[in-house]
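**Student:** UniProt numbering numbers the first residue of the sequence shown as 1 and each following residue consecutively. We put the CB at the ideal spot given by N, CA and C, even for glycine.
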Amino acid sequence: MYTNTHKHKLHAVINSLFFFLPLLFSGCAKKNFYSGTPVMSTEVYRQLLQDPRAVDSVTVQAGSHYKRGLLHKALWGSRHRDLWAEPVRVPVLDPDSVKGGLEVEKIGGGMQTINAALEAESGMTYSLRTVDKRSAKILPLPIRRTFVANVVRDQTSALHPYGALVVAPLAEAAGVPHATPRLVYVRPGEEHFNQYDEKLSDRLYMLEEKFNDERAITGDVAGAHDIVGQWEWAEYKEGGEHLYRPIPKDRDNAFYRFGNGVFSWLFSRKWAFRKFESFTADYKDVKALTVNSEFIDARAMPEVTGAQFDSLAHVLQQEVTDEVIERAVRQLPENIYALQGEELTNKLKSRRDKLDVAAWEFYEILSERVLVVGTDREDIFEVNRMPGGETDVTVRRKSDEKVMYHRIFYSGETKEIVLHGLAENDVFRVSGETDKGIKVKIVGGRGQDEVYDTSDVRGWGKKTWVYDTPRETKIESGPETKEKTSRKPEVNFFDREGYRR
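1. Whole angstroms are fine: how far does the CA of Gly-445 sit from the CA of Phe-494?
2. Might you give, ordered along the chain, the residues of its own chain that have their beta carbon closer than 7 Å to the beta carbon of Lys-199, omitting 5 neighbours on each side?
3. Using the C-alpha atoms, what's the distance from Leu-183 back to Glu-303?
4. On a CA-only basis, which of Ala-222, Ala-328, Lys-73 is nearest Gly-163? Give me that one, please.
5. Would you please state the rounded distance, in angstroms, between the beta carbons of Thr-464 and Thr-481? I believe it to be under 8 Å.
6. Just to check my reading of the structure: Glu-209 and Ala-171 have Cβ atoms closer than 8 Å, yes? What is that Cβ distance to the nearest angstrom?
7. For Phe-33, which three-state DSSP category applies?
8. For Gly-388, which three-state DSSP category applies?
9. Out of Glu-342, Val-60, Lys-347, Arg-351, which has the shortest C-alpha to C-alpha gap to Pro-161?
10. Would the region 353–369 and the region 297–316 be scored as touching if the rule is three or more Cβ pairs under 8 Å?
11. Give me the Cα-Cα distance between Lys-436 and His-72, rounded to the nearest whole angstrom.
12. Could you tell me which residues DSSP puts in a beta bridge with Ala-127?
13. According to the neighbour-count rule (16 or more other Cβ atoms, all chains shown, within 10 Å of its Cβ), is Asp-51 buried or exposed?
14. Expressed to the nearest angstrom, what Euclidean distance is found between the alpha-carbon atoms of Tyr-337 and Ser-411?
15. Put Arg-487 into one of helix, strand or coil per three-state DSSP.
16. Is the beta carbon of Pro-95 sitting closer than 7 Å to the one on His-242?
17. I'd like the span of the alpha helix (DSSP H) that includes Gly-306, first residue to last.
18. Spell out a yes or no on whether the region 347–355 and the region 273–292 are touching, meaning 3 or more CB-CB pairs, one atom from each, closer than 8 Å.
19. Please state if the CB of Phe-428 and the CB of Ile-438 are separated by a distance shorter than 7 Å.
20. Excluding five sequence neighbours on each side, which residues of the same chain lie with their C-beta closer than 6 Å to the C-beta of residue 510?
21. Can you have a look at Ala-224 and say buried or exposed, based on whether 16 or more other CB atoms are within 10 angstroms of its CB?
22. Quick check: is the beta carbon of Ala-224 nearer than 7 Å to any beta carbon in chain D?
23. Hey, could you find the ends of the beta strand (DSSP E) Phe-409 is sitting in?
24. Going by C-alpha distance, which of Ala-358, Ser-157, Arg-187 is nearest Phe-258?
25. Using 7 Å as the threshold, is the C-beta distance between Leu-93 and Leu-118 below it?
26. Thinking C-alpha only, which one of Arg-68, Leu-75, Ala-74 is nearest Leu-83?
27. Within 10 angstroms of its Cβ, does Ala-168 collect 16 or more other Cβ (buried), or is it exposed?
28. Enumerate in chain order the residues of its own chain whose CB-to-CB distance from Leu-49 is below 7 Å, with the five nearest sequence positions on each side excluded.
29. Which class does Phe-25 belong to by DSSP, given the choice of helix, strand or coil?
30. Provide the residue(s) that pair with Val-88 in DSSP beta bridges, ordered along the chain.
31. Write down every uninterrupted run of the alpha helix (DSSP H) in the region 239–305 whose length is 4 residues or greater and which is fully enclosed by it, in chain order.
32. Here's the rule I'm using: 16 or more other beta-carbon atoms within 10 Å means buried, otherwise exposed. How should Thr-434 be labelled?
33. Between the beta-carbon of residue 503 and the beta-carbon of Thr-394, is there less than 7 Å?
34. Suppose contacts are defined by Cβ-Cβ distances below 7 Å. Is Gly-100 in contact with Ala-120 by that definition?
35. With DSSP as the reference, identify every bridge partner of Phe-428, one or two as the case may be.
36. Give the DSSP bridge partners of Trp-465, in chain order.
Below is the structure:
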């Protein structure tokens, strides 16, 4: 599946082209940009057509169409073009025998790639995902006929075609649920796929476990109650509560390489499109790595402390040993390892060794502005401004007084805390006196909310801002209260897709 992250990067490139390179529209799109088949040998391909069952493995190129001359590489970068063009020996998929037999359940993947869901005889589901990502169809029709289409198609060369193979052993060492992909080639006109044979045939794929429903509750997620959601979360029931454990899905951007080349370098600057960050031996820009995940990071990790970040980083440094890294990189096809194995191994070891420093920088980024969201039930938010400048935040469920959230914030790390109620009638209490304090934004959400602010922070500016509708909202203001009530319904709306206020 073509990830949203990569789509965003492509859109950014397109916008950049409009700004920097209007002359590109004077050219035409290449009609036959992609190679006809990944199979290198004409004789082997002819045999696949005539007697497909006689061939059990083939030598393929994942993307020979990403080869470029010196001038193009000087402007747009060498990226991973050598890996895309390198010959790789892979098995031909036999749907009748693999996993006891595979049947196509459905076809997905949109316009950029193909993602087929397969079901084995055991009931376990698998994903068949094309290695190459064909992106030009995301462009408006008129632009598809211009040279811009060629440039957009070429962005796939920044992806590592075999990166997902390396990720699985690293995830295992880190204790993260994961799929274990393997490379396969689907022969032309694969009759076992019935009406899908034409769409799925003659392509190089990653075949891996698909964690999409209760049929996949095994291995790393054994004991889960269900698997739910677009992001794929393993759901557990513990003590009457529902707990969710994420299952990583897309690894398309692993070992991304973009910034080498004049235009690529310009586009990846902090003042341009910061998220175009290449995989190097150092963490050059941790902030760039968080741009696309910012909205979900804010929701998933508001309670994690600096000490926990530091502790986990050191645990990972111990668990992801040199042997683990070397074994992970050895999962690359033999020819690919010969080209890049030693370099990638050294980069991974270097990043592992510097993980604690990068983790602390990540923590500082997340801590600058923290979003604390309540439940769909009635909640009590308690904020205590402490004399040393710390701010103690506790969220309790009103029905049983159970603490749903607790964290102490420090003024040297956090500039703003956003407390967001959701449904029902929530209560917000802010108290305490201090010489310096953190700005607290209260967003009531739906329901008849109550806000009590008796806090006092010395200095200029009010430190408690209240957003809600004036109707049926009770606000008892103090010296720090700034009321931002409005009759507009969006004043207390919670945007689950990317909160901004």
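**Tutor:** According to the data block:
1. Sequence index remark: in the sequence shown, residue 494 carries index 494 (1-based). Sequence index remark: in the sequence shown, residue 445 carries index 445 (1-based). Each residue's Cα considered, the two are about 7 Å apart.
2. Working through the sequence shown from its first residue, we reach residue 199 at position 199. Cβ contact annotation for Lys-199 (same chain, cutoff 7 Å, sequence separation greater than five): Ile-107, Ile-114, in chain order.
3. Here residue 303 is taken as the residue at index 303 of the sequence shown, counted from 1. Here residue 183 is taken as the residue at index 183 of the sequence shown, counted from 1. Cα-Cα distance, rounded: 39 Å.
4. Against the sequence shown, residue 163 aligns to sequence position 163. Here the closest residue by C-alpha is Ala-328.
5. The residue you call residue 464 lines up with position 464 of the sequence shown. The residue you call residue 481 lines up with position 481 of the sequence shown. That belief holds up - the Cβ atoms of Thr-464 and Thr-481 are roughly 5 Å apart, short of 8 Å.
6. Taking the sequence shown and counting its residues from 1, one reaches residue 209 at position 209. Taking the sequence shown and counting its residues from 1, one reaches residue 171 at position 171. At roughly 12 Å, the Cβ-Cβ gap does not stay under 8 Å, so Glu-209 and Ala-171 are not in contact.
7. Within the sequence shown, residue 33 is the residue found at index 33, counting from 1. Looking at Phe-33 - three-state DSSP - the assignment turns out to be coil, as it is neither helix nor strand.
8. Position 388 of the sequence shown holds residue 388. Residue state, collapsed to three classes: coil.
9. For the purposes of this step, residue 161 is taken as the residue at position 161 of the sequence shown. Pro-161 has its Cα closest to that of Val-60, out of Glu-342, Val-60, Lys-347, Arg-351.
10. Segments in contact, yes.
11. Here residue 436 is taken as the residue at index 436 of the sequence shown, counted from 1. Here residue 72 is taken as the residue at index 72 of the sequence shown, counted from 1. Near 55 Å, if we compare the C-alpha coordinates of His-72 and Lys-436.
12. Numbered from its first residue, the sequence shown carries residue 127 at position 127. Before going further, note that residue 127 is Ser rather than Ala in the sequence given. Bridge partners of Ser-127: Ala-117, Glu-208.
13. Along the sequence shown, one-based indexing puts residue 51 at 51. Looking at its Cβ environment, which holds fewer than 16 other Cβ atoms inside 10 Å, Asp-51 is exposed.
14. Walking along the sequence shown from the start, residue 337 turns up at place 337. Walking along the sequence shown from the start, residue 411 turns up at place 411. If you take the alpha carbons of Tyr-337 and Ser-411, they lie about 48 Å apart.
15. Along the sequence shown, one-based indexing puts residue 487 at 487. Note: Arg-487 maps to coil in three-state DSSP.
16. One-based indexing of the sequence shown puts residue 95 at position 95. One-based indexing of the sequence shown puts residue 242 at position 242. Going by C-beta atoms, Pro-95 is not nearer than 7 Å to His-242.
17. Residue mapping note: residue 306 aligns to position 306 of the sequence shown, counting from 1. Segment 306–319, the alpha helix (DSSP H) holding Gly-306.
18. yes
19. Indexing the sequence shown from 1 puts residue 438 at position 438. Indexing the sequence shown from 1 puts residue 428 at position 428. No, the pair does not count as a contact, with Cβ atoms beyond the cut-off.
20. Past the boundaries of the shown model lies residue 510; the chain is included only from 1 to 501, so the question cannot be answered.
21. Working through the sequence shown from its first residue, we reach residue 224 at position 224. Taking a 10 Å sphere around the C-beta of Ala-224, we find 16 or more other C-beta atoms and assign the residue as buried.
22. Considering every chain present, this structure includes no chain D. It has just one protein chain.
23. Walking along the sequence shown from the start, residue 409 turns up at place 409. Note, Phe-409: beta strand (DSSP E), 403–409.
24. Numbered from 1 along the sequence shown, position 258 holds the residue referred to as residue 258. Nearest option by C-alpha distance: Ser-157.
25. Residue mapping note: residue 93 aligns to position 93 of the sequence shown, counting from 1. Residue mapping note: residue 118 aligns to position 118 of the sequence shown, counting from 1. Against a cut-off of 7 Å, the Cβ pair of Leu-118 and Leu-93 comes out as no contact.
26. For the purposes of this step, residue 83 is identified with residue 83 of the sequence shown, where counting begins at 1. Checked all of Arg-68, Leu-75, Ala-74; the closest Cα to Leu-83 is Arg-68.
27. Translated into positions along the sequence shown, residue 168 becomes position 168. It counts as buried.
28. On the sequence shown, residue 49 is found 49 positions in, with the first residue counted as 1. Here the set comprises Pro-188.
29. For this step, residue 25 is matched to residue 25 along the sequence shown. Because Phe-25 sits at a pLDDT of 42, beneath the cut-off of 50, its placement in the model cannot be relied upon, and the point is left open.
30. In the sequence shown, counting from the first residue as 1, residue 88 sits at position 88. In DSSP, Val-88 forms a bridge with Val-60.
31. 262–267, 286–290, 294–300
32. Within the sequence shown, numbered from 1, the residue matching residue 434 stands at position 434. When all chains shown are included, Thr-434 counts as buried.
33. For residue 503 there is no data in the structure shown, the boundaries of the chain being 1 and 501.
34. Position 100 of the sequence shown, counted from the first residue, corresponds to residue 100. Position 120 of the sequence shown, counted from the first residue, corresponds to residue 120. Yes.
35. For the purposes of this step, residue 428 is taken as residue 428 along the sequence shown, with counting starting at 1. Phe-381, Val-451.
36. Taking the sequence shown and counting its residues from 1, the one referred to as residue 465 is at position 465. In DSSP, Trp-465 forms a bridge with Lys-441, Lys-482.
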